[in-house]
Amino acid sequence: MEYRQTDAPPSYDSVMNQNTSPPSYPSLQVLSATQIQPYYIPQPTPQIPAPCVVETISTQRRHVLSYKSKRCCYGGSGGSAFVVVLLIIAVGLGVHYGSSLWTLSGKDKETDICTPSSVNCDGKRDCSRGSDESRCVRFGTANELQVMTSKAGSFLPVCAQGWSKSIADQTCQQLGFRQSYAVDVLQSSSSAFQSLNSRFSNTIQGSVNISSSCPLQQTVSLWCCDCGRPPVSTRIIGGAVAAEGQWPWQASLHFRGYHTCGGTLVAPDFIITAAHCFPQEISDYLLPSNWQVYIGMVSQLKLPSSYNVKKITIHENYDPDTKNNDIALLILNRPVSNIQPACLPVFGQTFSPGSKCWTTGFGVTSKGSDSGSIFLMEVAVDLIDLAVCNKPTVYNGLITETMQCAGDLMGGKDSCQGDSGGPLVCKADDRWYLTGVTSWGDGCGKKNHPGVYSNVGRLLTWIHGKMQQERP
Ligand code: ARG
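When we follow my numbering, the leftmost residue of the sequence shown carries the number 39, and every step to the right adds one.
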């Protein structure tokens, strides 16, 4: 994290030199070059502009609160011959792994094999990994539950009539949460709806039918988790070291004992981070057992008990050259309780350019330094419009729709090496929403070179889809 206008926080080295003992965050200095583990993933600036993925939107108004569960989310020719050989291997692998849907668990790539008559969102699982039924639920404005069915062919709100805590729990479980947190009733202006069948069958999309109206036009707003409201909200303006409890969802991902990347808790069992934290050419990084996750702490010298990683899922269209789709999902070995996750944005939620947002991390605090910060650092950043960020003087077309620039074009306020994978959060309705995942930048804090984050709003379908497929 780079703060040109504020006091520089103590660097890892300066604190280490004061005879503090580093139990789990060893001093890089006492190690020889060959012993040093990289604790951040080097990221060259992308050179090739990349294509993108897009999603769209809807509107609604919020009404009465109906219940709240007690606990949070439990909650030359030689050269060309070589190329030909590579191509043959690649084609072979392509045939072998068939589908574009692959997931990494250790070194394994998993395929999703679908029946020829596979139908999406009909409530019947036709694919071995369930991809046909994993993109049928989303949340609209005010957390309006929207369900896609094969019959409707589009996302429609669900009538509140007949809704129960048990259906709410089952729907949230389908989405990868442990249970539901709250249900609201919305006054809808939609012209088509889904109404609940008399009994719930496995998935919400399998349990509804198209309907032209709802009694009293009331639809369901569903919360699967209390989120985005930290226990501590005092803020040091322009400050640097974060107070304990301010950013509870911040995760520190340790690779073989070293802080390597940040992450964000978004549900009791799930961490969102960056795909580039797991370089695919180094298989050790893909092995879940090499990683340890610490959540909610503000000092690398006071580590809470760790979580293990059950599975690492990297975006199948992540492009290491352009950094397009730089996102990954970690499933923890056990649910996190009593730590508030950050909220995932709802479908169509936008944070306007100029919104005040914050990014946090344990990354380096001075340019060129090769060690991270002991303390969790925070910095306020402005969201920067895509067109502005793509200007010739800024990133000249390197920014795709799945990226979000944030910082200050004047320089100075930025994340940096070691912050990768960590959160960019923006506040709306008194809750902090995960808007970006720290991804890359040309240097740190440089004029006209703001930080680049993965655009969570544009990657929501992927996130919800994977959370469904990997649900605990
Ligand atoms: N790629 C870096 C990492 O692995 C994050 C870089 C962010 N850079 C920036 N200027 N915001 O930690």
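All C-beta atoms in this analysis are idealised placements derived from N, C-alpha and C, irrespective of residue type, glycine included.
In this text the structure is predicted, and so the values were computed from the model without any measurement.
Option nearest residue i by Cα separation, candidates the options
i, options, result
"ALA180", "LEU260, LEU436, THR403 and GLN256", "LEU260"
"LEU382", "HIS487, LEU421 and GLY266", "GLY266"
"ALA289", "LEU213, LEU341 and ASP150", "LEU341"
"ASP420", "LYS429, VAL432, GLN442 and PHE177", "GLN442"
"ASP497", "CYS165, ASP160, THR153 and ARG173", "Position check: residue 497 holds Leu in this sequence, whereas Asp was assumed. LEU497 has its Cα closest to that of ARG173, out of CYS165, ASP160, THR153 and ARG173."
"ALA280", "MET335, THR187 and ILE437", "MET335"
"ILE377", "GLY283, VAL426, GLY483 and ASP423", "GLY283"
"ALA466", "THR388, GLU439 and LEU436", "THR388"
"LEU234", "ALA220, SER249 and SER226", "SER249"
"VAL270", "PRO286, LYS189 and GLY495", "PRO286"
"ILE422", "PHE413, MET415 and ILE437", "ILE437"
"ASP264", "GLN507, SER344, THR473 and ASP468", "ASP468"
"ARG294", "SER188, ASP307, ALA278 and ASN328", "ASN328"
"GLY161", "VAL185, ILE151, THR149 and ASP150", "VAL185"
"TYR296", "ILE309, ALA278, TYR323 and ASP307", "TYR323"
Reduced DSSP secondary structure (H/G/I, E/B, other) of residue i
i, result
"GLY399", "strand"
"TYR345", "strand"
"TRP201", "coil"
"HIS292", "strand"
"ARG469", "strand"
"GLN507", "helix"
"GLN212", "helix"
"HIS353", "coil"
"ASN328", "helix"
"VAL490", "strand"
"TRP478", "strand"
"LEU497", "helix"
"GLU171", "helix"
"SER390", "coil"
"CYS454", "coil"
"SER321", "helix"
"ALA312", "coil"
"THR257", "strand"
"ASN362", "strand"
"LYS145", "Because the pLDDT of LYS145 is 37, which lies under 50, any placement of that residue in the model is unreliable, and the question is left without a value."
"ALA281", "coil"
Exposure of residue i, with buried meaning 16 or more beta-carbon neighbours within 10 Å
i, result
"THR257", "buried"
"LEU368", "buried"
"ALA198", "buried"
"HIS502", "buried"
"LYS451", "buried"
"ASN493", "buried"
"VAL417", "buried"
"ALA425", "exposed"
"SER390", "exposed"
"GLN56", "Residue placement at GLN56 is flagged as unreliable, the pLDDT there being 34, under the threshold of 50; the coordinate-derived value follows with that caveat. GLN56 should be labelled exposed."
"ARG509", "buried"
"SER453", "buried"
"GLY435", "exposed"
"GLU319", "exposed"
"GLY191", "exposed"
"ALA119", "Confidence at ALA119 is low in this model, with a pLDDT of 42, below 50, so the placement of that residue is unreliable and no value is reported for it."
"PRO154", "exposed"
"MET39", "buried"
"GLY392", "exposed"
"SER321", "exposed"
"LEU254", "exposed"
"SER169", "buried"
"SER375", "exposed"
"SER521", "Given a span of 39 to 510 for the chain in the structure shown, any question on residue 521 remains unanswerable."
"SER245", "buried"
Presumed contact (8 Å Cβ cut-off) between residue i and residue j, rounded CB distance
i, j, result
"ILE242", "VAL157", "That belief does not hold up - the Cβ atoms of ILE242 and VAL157 are roughly 16 Å apart, past 8 Å."
"MET505", "ALA305", "7 Å"
"ALA312", "SER458", "5 Å"
"GLN217", "PHE238", "Wrong, their Cβ atoms sit about 15 Å apart, outside the cutoff."
"PHE177", "VAL384", "4 Å"
"CYS262", "PHE215", "4 Å"
"SER226", "PRO195", "5 Å"
"ILE412", "SER337", "6 Å"
"TRP500", "ILE365", "7 Å"
Closer than 7 Å to chain D by CB, residue i
i, result
"ALA190", "Among the chains in the structure shown there is no chain D, since it carries only a single protein chain."
Closer than 6 Å: residue i CB and nearest ligand 2 heavy atom
i, result
"GLY489", "In the structure on display, ligand 2 does not appear, and the ligands it does have are ligand 1."
Could you tell me whether the region 284 to 304 touches the region 396 to 405, where touching means 3 or more Cβ pairs closer than 8 Å?
yes
Would you say the region 357 to 365 touches the region 421 to 430, given that touching needs at least three Cβ pairs under 8 Å?
no
Can at least three beta-carbon pairs, one atom from the region 486 to 496 and one from the region 439 to 453, be found at a separation below 8 Å?
yes
The region 473 to 480 / the region 307 to 327 touching (three or more Cβ pairs under 8 Å)
yes
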